[in-house]
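J.: Following this message is one structure expressed as structure tokens.
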Amino acid sequence: MDTEILIAGASGILALLFMAYLVTDVLKQPRGNKLMVEISDAVQEGAKAFLRREYMYIAGFVAVIFLLITAAPILAKGKEGIADSLGWQTGLAFIIGALASSAAGFIGMNIATRANSRTTEAARKGVEDDKNPEKGLKDALSVAISGGAVMGMAVVGIGLLGLVVVILIVNALSDGAGWGAHPGWINGYAMGASLVALFARSGGGIFTKGADMGADLVGKVEAGIPEDDPRNAATIADNVGDNVGDVAGLGADLMESYIEAMIAAMALAAGLSTMAKIDGLPQDITMQLQMLPLVLAAVGILASLIGVCIVKFLPGKKVQSSLMNGTYVSAILAIVGTAVACKIMIPDFTMTAKSAGGLLEGAANLVGVADGKTYTWLGLFFASTAGIVAGAIVGFFSEYYTSAKYKPVQSMARKCQMGPAITVTDGLALGMKSCALPILSLGIALLVAYNFGDFYGIALAAFGMLATTGMIVAVDSYGPIADNAGGCAEMAHLDKGVREITDNLDSVGNTTAAIGKGFAIGSAAFAALGLLVAYMTLAQISIADLKDIHVMFGLLLGGMVPFFFSALLFDAVSNAAFKMIDEVRRQLREIPGIMEGTNKPDYARCVSISTDGAIKGMLFPGGLAIVLPPIVGFAFGAEALAGFLIGALITGVMLGIMCANSGGAMDNAKKYIEEGKIKNDAGEVQGKGSEAHKAAVIGDTVGDPLKDTVGPSINILIKLMAVISLVLAPLFV
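Read in order, the letters of the sequence shown are residues 3 to 735 in the numbering used here.
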């Protein structure tokens, strides 16, 4: 056990050391001319101001929940099992989880906002000074991927180190019995990370889409000015939103999945130690199963680090091939490393359910103890690999349905000539169709993982999908940096060739973002399922029986929650966008010289409006996700809560995929038109300013909150409700 923890801790430190190198590499790059520096500083200040306010409100929730968790054993009046799951130890782990998620988000966003003008300057130098656009593209890619990889390494480094620290604390408090004696204490770490993730994702999503919708509808549609034009008062707020939503929010989202998938596998393995006996093998086999996810995390960090280096130091001729090469290499290395770790750590073993009978035997069967079944290291390797393969498949289908390289988006772009109604209808239909194959691939992976490792195998598959989180977050966070770099080039009035380079980077960033969102949804489904099984084990529920009216009630209620939650986020985005549109119109009307370029808009006012809208809009939906599980558990029982989690998982995954892919398709259909790729019946190119383009802009405006606010937030909703239920499970027994 000490060896595995040492390996995990060392790999976390390695990730942070590499992150420090990347930070140094980004900051030593030139920032560009005075105007570029001013633009970058404005984005930095806006992003930091928003995070400060957001974290202040999150701190209030954290404090209240910490007090409730700490007081739970006293309030429960000595109820059996409470002290092993709740109390100040769980509360401490909860605080550490919240701090880890907040720190990773702050570090990643801080560097991302500093990488934007530096990426622009690298492109400018290649075009204007060196007269070598190809060199400018490679240098700009290097800066952008370094900035994104800071977020990726922060997520896996801080996330894994935080978990190691919590395990060491729990071990020290367990009088030598190990954390497996009190597995519930460690669940607080996942809950803390999950709470911050929900507010970071939903708040950041409201901020960015409120600003983006205001900038698009007034600037592009009404005023007829280009995207990122400095005359648009909302353009700085839009750039700020890209960072707080798609960098800090994304990092918190995947850190949560990363941590929860590990903890779900460890919790199920810990459950085996009390619910099963090993025939003919040492009793510490369950400890090896508990420690396996930590070693796989170390393997994933090393694979991600190598993947980032490939993109940075061995770029291909095309940006997308460079990013995909790094992603594929990291995935292959993770698969090979997983095989080695499983072979070394896990001997073949046979498990037999305890003969105690009744509920204990049922619970043993639930966590994966089939009477007399033999488990092998190869089977566990296949289970983990099933998750990696499923993640790749979900990512591919997300790309297929959202990338302008493929037929669905190209067909949708042509239909934009028929007006905005057809654009939106086609985009929604495309998103709904896109659910089928990803869900099928997830279902097959589920069956494969269960066949080789039962529910522990499913938890391993969830973590297998997340093993290369460092690389995935790096590639996804690269996108907002490239987008901001394009805005900086536009606002600084740089050479057209510079914008061509940043647009090249940005277009690939849209594709990688779509892949990342699909990946996040798939991993959320697996992580939530693992947490659900762990909850049912701890709550002593052997089966969720649909003949039980309480289970059926919970199923219906849980199925409704993602829709109601999404509606609240849509309302928040609409309210923020309404105020933003009104403000941009007012400034164009009342501030003389904006359209002539002789006077600057009031960018700070727009940032303030987005900040207020995001903070107000995130509180109620976030609070709802926190209070619903305990309400259902206390009012209707543990079985009803199991049904509630199942209902939320099923509808949440479908809705999340549909929203992400609908929005991504509408966004890229607009970009396909802007590139002049479609013609009308008369053979005339329908580019920027055409009726087809205006329809696509409206479609993109509808799709923006779908893909950047609602879809990503649903991932966290289903995981947060599951982990809260797991922490509170003993109270409902």
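For glycine and all other residues, C-beta sits at the position ideal for the given N, C-alpha and C.
Which of helix, strand or coil does DSSP assign to residue 408?
T.: Three-state result, residue 408: coil.
J.: Would you kindly work out how many angstroms separate the C-alpha atoms of residue 638 and residue 656, rounded to a whole number?
T.: 26 Å
J.: If we ignore side chains and look at the alpha-carbon of each, how far apart do residue 632 and residue 188 end up?
T.: 19 Å
J.: Alpha carbon to alpha carbon, how far is residue 461 from residue 741? Give it in angstroms, no decimals.
T.: Any property of residue 741 remains undetermined from this structure, which presents the chain solely from 3 to 735.
J.: Taking the alpha carbon of residue 708 as the reference point, which residue from 474, 288, 430 and 250 has its own alpha carbon closest?
T.: 430
J.: Hey, would you say residue 161 sits closer than 8 Å to residue 102, going by beta carbons?
T.: In this structure, the beta-carbon distance from residue 161 to residue 102 falls below 8 Å.
J.: Output the distance between the C-alpha atoms of residue 265 and residue 271, rounded to the nearest integer angstrom.
T.: 10 Å
J.: Given a cut-off of 8 Å, decide if residue 728 and residue 533 are closer than it, judged by their beta-carbon atoms.
T.: yes
J.: Considering only residues of the same chain and omitting the five flanking positions on each side of residue 579, which have a CB-CB separation below 6 Å?
T.: 212, 215 and 216
J.: Let me know if residue 301 comes out buried or exposed under the rule of 16 or more other beta-carbons within 10 Å of its beta-carbon.
T.: buried
J.: For residue 1, I'd like the list of residues in its chain whose CB is within less than 6 Å of its CB, leaving aside the five on either flank, ordered along the chain.
T.: The question about residue 1 has no answer, for the chain in this structure spans 3 to 735.
J.: Heavy atom of the ligand MN less than 7 Å from the Cβ of residue 509, yes or no?
T.: Annotation note on the ligand MN: not contained in the displayed structure, which lists no ligands.
J.: Give the secondary structure of residue 704 by DSSP, where H, G and I count as helix, E and B as strand, and everything else as coil.
T.: helix
J.: From residue 248 to residue 710, what does the alpha carbon distance come to, in whole angstroms?
T.: 8 Å
J.: So what does residue 687 bridge to, in DSSP terms?
T.: Here residue 687 is bridged, per DSSP, to 681.
J.: Over what stretch of residues does the alpha helix (DSSP H) that includes residue 349 continue unbroken?
T.: In this chain, residue 349 is not harboured by any alpha helix (DSSP H), its DSSP state being neither H nor E.
J.: Assuming the contact rule is C-beta atoms closer than 8 Å, residue 45 and residue 238 should be a hit. Round their C-beta distance to whole Å, please.
T.: 6 Å
J.: Please classify residue 745: is it buried, with 16 or more other beta-carbons within 10 angstroms of its beta-carbon, or exposed?
T.: Absent from the structure is residue 745, since the part of the chain shown begins at 3 and ends at 735.
J.: Does the distance from the CB of residue 425 to the CB of residue 670 come in under 8 Å?
T.: no
J.: Please state whether DSSP places residue 232 in a helix, a strand or coil.
T.: coil
J.: Quick one, which of 492, 607, 329 and 342 has its alpha-carbon nearest residue 393's?
T.: The option with the nearest alpha carbon to residue 393 is 329.
J.: Under 8 Å: do the region 618-634 and the region 689-700 share three or more Cβ pairs, one atom per stretch?
T.: no
J.: Let me know the secondary structure DSSP gives residue 21 once reduced to three states.
T.: helix
J.: Start and end of the alpha helix (DSSP H) containing residue 645?
T.: 640-676
J.: List the endpoints of the continuous alpha helix (DSSP H) containing residue 496.
T.: First-last for residue 496: undefined, no H or E at that position.
J.: If contacts are defined as beta-carbon pairs under 8 Å, then residue 531 and residue 651 qualify, I think. What distance do you get, rounded to the angstrom?
T.: 7 Å
J.: Rounded to whole angstroms, what's the CA-CA distance from residue 194 to residue 730? Just pull it up for me.
T.: 14 Å
J.: Taking all protein chains shown into account, decide if residue 498 is buried (16 or more other Cβ within 10 angstroms of its Cβ) or exposed.
T.: exposed
J.: Cutting at 6 Å between CB atoms, please list the residues of its own chain near residue 90, excluding the five before and the five after it.
T.: Apart from the 5 residues on each side of it in sequence, residue 90 sits with its Cβ closer than 6 Å to the Cβ of 72 in its chain, given in chain order.
J.: Indicate whether residue 660 and residue 705 have their beta-carbon atoms separated by less than 8 Å.
T.: The answer is no: Cβ separation not under 8 Å.
J.: Can you tell me the Cα-Cα spacing of residue 8 and residue 267, whole angstroms?
T.: Across the structure, residue 8 and residue 267 are spaced so that their CA atoms are roughly 19 Å apart.
J.: Which residues mark the beginning and the end of the alpha helix (DSSP H) in which residue 168 is found?
T.: 135-175
J.: Compute the beta-carbon to beta-carbon distance between residue 152 and residue 17, rounded to the nearest angstrom, for a pair I have assumed lies under 8 Å.
T.: Beta-carbon to beta-carbon, residue 152 and residue 17 are separated by about 11 Å, too far to satisfy the 8 Å threshold.
J.: Give me the Cα-Cα distance between residue 603 and residue 236, rounded to the nearest whole angstrom.
T.: 9 Å
J.: Rounding to the nearest angstrom, what Cα-Cα distance links residue 147 and residue 305 in this structure?
T.: Take the alpha-carbon of residue 147 and the one of residue 305: they are about 16 Å apart.
J.: Please state whether DSSP places residue 437 in a helix, a strand or coil.
T.: Three-state result, residue 437: coil.
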